[in-house]
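Trainee: Read left to right, the sequence shown gives residues 92 to 378 (my numbering). Cβ atoms here follow ideal geometry from the backbone N, Cα and C, with glycine treated the same way. Since the structure is predicted, the reported quantities are computational estimates derived from the model, not experimental observations.
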Amino acid sequence: MTERAPRALIAEDEPLLAAALQQDLARAWPELQVVALVGDGRSAVRQALDLRPDVLFFDIRMPGQSGIEAAAELADAWPDDLPFPALVFATAYDQYAVQAFEAQAVDYLLKPIQADRLARTVAKVQGLLAQRVSAVAAPAAPSAALPSPELEATMAQLRALLGAPGVGTAPAAAPATAATRLSVIQASHGTQIHMVPVADVVYFEAADKYVRVLTAEREYLIRTALKELIEQLDPQEFWQVHRSTLVRATAIATVTRDEAGKQHISLRGRPERLPVSRLYAHLFKAM
92 MTERAPRALI AEDEPLLAAA LQQDLARAWP ELQVVALVGD GRSAVRQALD LRPDVLFFDI
152 RMPGQSGIEA AAELADAWPD DLPFPALVFA TAYDQYAVQA FEAQAVDYLL KPIQADRLAR
212 TVAKVQGLLA QRVSAVAAPA APSAALPSPE LEATMAQLRA LLGAPGVGTA PAAAPATAAT
272 RLSVIQASHG TQIHMVPVAD VVYFEAADKY VRVLTAEREY LIRTALKELI EQLDPQEFWQ
332 VHRSTLVRAT AIATVTRDEA GKQHISLRGR PERLPVSRLY AHLFKAM
């Protein structure tokens, strides 16, 4: 049976740069088929899940969702029985991004993209895809409930990149200290402002333009972004278990894994069961 040509998806919010990268790839890797050009992270996730490309070229700064955030969301939703695409991030020179990529051994391209640098990236990705073809010839016993070691390694890389200062977003603020951590949430409702002690919060959940603040007794809505809240809270007290969910660690009663390998949390003080994304499943490995 003839092997199909490798396929790629390019996510770049500037159409001229996306077209230029496609042309450069046509010269550097003629066999590669670019199956989609998209301009934002959410479209990249949808198209990648639909088209299942072998390689992803993601700009790290895109409207609505950074390339790294999009890659993390995609990795969480990616089917267990398929190898995750090779990831290449593109960025205008940014010392924080470059340091983070190099520290995590993640391939990247600096804009404007140089032909020799692209050639090295192509060779690296081709080598990775060749290794996968060899692995298919002599596969290990599969485990339907657990992600592959390769995907686990990608998850670890993405977690580190998401936490790196200034990568994919504006430069991050300094981490909150014990003296500057948030102690009270101000949540408005009509003409009233409710002062909600952080000590009473069971979990936070991002919802559209708001963040839901859930205590044992009731729910509040605030407009502060979840990412901003994370920077103001003690990471030992509140654990991020999903891209949209932050849970008080001591409120977690049990963690269960279903037949598909997905984890869910049961809480003390709330009836909901909350999903744990693949990106944060490492938090609940048995001690």
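1) Here's the rule I'm using: 16 or more other beta-carbon atoms within 10 Å means buried, otherwise exposed. How should L107 be labelled?
2) Would you list, in sequence order, the uninterrupted alpha helix (DSSP H) runs of no fewer than 4 residues that lie entirely inside the stretch 157-221?
3) If we call anything under 8 Å between Cβ atoms a contact, is L173 one with V197?
4) Considering only residues of the same chain and omitting the five flanking positions on each side of A342, which have a CB-CB separation below 8 Å?
5) Going by DSSP in three states, L291 sits in which element: helix, strand or coil?
6) Rounded to the nearest angstrom, what separates M378 and V125 at their Cα positions?
7) Which residues does DSSP pair with M286 in a beta bridge?
8) For T182, count neighbouring C-beta atoms within 10 Å of its own C-beta (all shown protein chains included) and say buried if the count is 16 or more, exposed if not.
9) Classify A99 as buried or exposed, calling it buried when 16 or more other Cβ atoms lie within 10 Å of its own Cβ.
10) In this structure, does DSSP put A119 in helix, strand or coil?
11) Hey, how far is the Cα of A261 from the Cα of E94?
12) Can you check DSSP and say which residues form a bridge with I343?
13) Tell me the residue span of the alpha helix (DSSP H) that contains I101.
14) On a CA-only basis, which of E105, Q186, P97 and A191 is nearest L147? Give me that one, please.
15) In this structure, what does DSSP give as the bridge partners for A349?
16) Distance check for W330 and R348, CA to CA, integer angstroms please.
17) In terms of residues, what are the limits of the alpha helix (DSSP H) holding V136?
18) Count the other C-beta atoms from every protein chain shown that fall within 10 angstroms of the C-beta of V275, then say buried if there are 16 or more, exposed otherwise.
Mentor: So, to answer that:
1) For the purposes of this step, residue 107 is taken as residue 16 along the sequence shown, with counting starting at 1. Under this definition L107 is an exposed residue.
2) 158-168 and 186-194
3) Walking along the sequence shown from the start, residue 173 turns up at place 82. Walking along the sequence shown from the start, residue 197 turns up at place 106. Not a contact, by the Cβ cut-off of 8 Å.
4) By one-based count along the sequence shown, residue 342 stands at place 251. Correct list, in chain order: V293, Y294, L358, R359, G360 and R361.
5) Counting from 1 along the sequence shown, the entry for residue 291 is found at position 200. Sequence check: residue 291 is Asp here, not Leu. Note: D291 maps to helix in three-state DSSP.
6) Counting from 1 along the sequence shown, the entry for residue 378 is found at position 287. Counting from 1 along the sequence shown, the entry for residue 125 is found at position 34. Below a pLDDT of 50, predicted positions are generally treated as unreliable, and M378, at 49, falls in that range; the measurement from the model is reported next regardless. Going from the Cα of M378 to the Cα of V125 covers about 44 Å.
7) Position 195 of the sequence shown, counted from the first residue, corresponds to residue 286. Partner(s): Q277.
8) Numbered from its first residue, the sequence shown carries residue 182 at position 91. Buried.
9) Indexing the sequence shown from 1 puts residue 99 at position 8. Result: buried.
10) The residue given as residue 119 occupies position 28 in the sequence shown. Three-state result, A119: helix.
11) For the purposes of this step, residue 261 is taken as the residue at position 170 of the sequence shown. For the purposes of this step, residue 94 is taken as the residue at position 3 of the sequence shown. At A261, the pLDDT of 49 sits below 50, so the modelled position is not reliable; the number obtained from the coordinates is stated separately. If I take the Cα positions, the gap works out to 42 Å.
12) On the sequence shown, residue 343 is found 252 positions in, with the first residue counted as 1. According to DSSP, I343 bridges with L358.
13) Counting from one through the sequence shown, the residue named residue 101 turns up at place 10. Looking at the DSSP string, I101 is not in any alpha helix (DSSP H); the run it does join, the beta strand (DSSP E), is R98 to A102.
14) Sequence index remark: in the sequence shown, residue 147 carries index 56 (1-based). The option with the nearest alpha carbon to L147 is P97.
15) The sequence position of residue 349 within the sequence shown is 258, counting from 1. Per the sequence shown, residue 349 should be read as Asp rather than Ala. According to DSSP, which records beta bridges pairwise, D349 is partnered with nothing at all.
16) The count along the sequence shown starts at 1 and reaches residue 348 at position 257. The count along the sequence shown starts at 1 and reaches residue 330 at position 239. Going from the Cα of R348 to the Cα of W330 covers about 18 Å.
17) The residue given as residue 136 occupies position 45 in the sequence shown. Note, V136: alpha helix (DSSP H), G132 to L142.
18) Numbered from its first residue, the sequence shown carries residue 275 at position 184. Around the Cβ of V275, a 10 Å sphere holds fewer than 16 other Cβ atoms; the residue is exposed.
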